[in-house]
Amino acid sequence: MQLGDQTVTFVTITEGPPDRNGYPTQIRTETDVHGCLFRPIDVDEKAGLFEIATEVWKATCPPEPVALAATAAGEVKHVGLTYQIIGGVQPFYDLDGEIRHVAVVCRRQVG
C-alpha cells in the first residue's frame, strides 16, 4: 500500500569493532523505503544567547521490515536532511489484524 510518493531513508546504527582507543565504532546502514508521507508536525524556536529551532516531523510508511525495526537509536533521512527518531515506531492495524502502516516521529534541531 502506498501512503505517499516520498522516499525516506532509515539509518540503522550498530556497534562495530573497537577503535584504537578501545571505544566501539558505529556502523551506519541506510535503507530506502518508498511510498511514504513525510510531513511537519511542530516547530519551536528558542531565542536567547543562541537561537535553536526544533522541528518535529512524522513519517507514515508502509510496513517494511526496516521501518518496523526502527528505534530511537536510529535516524531518518529525507531530501538530504537527517532527523533523530523520537521513541519507537507505532504500527497501525487494519480490521483483519494486519499492519496497515507505521508512524515514526522524528526531530531535527537547527541553530
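In our numbering, the protein residues as written are 814 to 924. Where a beta carbon is used, it is the ideal one built from N, C-alpha and C, also for glycine.
Within a 10 Å sphere around the beta-carbon of residue 847 sit fewer than 16 other beta-carbons, which makes this residue exposed. Of the residues assessed, residue 858 falls on the exposed side of the cut-off, its CB having fewer than 16 other CB atoms within 10 angstroms. Between the stretch 862 to 876 and the stretch 908 to 920 there are three or more C-beta pairs closer than 8 Å, enough to call the two in contact. Runs of the beta strand (DSSP E) lying entirely within the stretch 845 to 924, each at least 3 residues long, are 865 to 874, 888 to 891, 894 to 906, 912 to 923 in chain order. A residue is called buried when at least 16 other Cβ atoms come within 10 angstroms of its Cβ; residue 861 does not meet this threshold and is exposed.
Annotation: residue 817 is outside any beta strand (DSSP E) and is labelled neither H nor E by DSSP.
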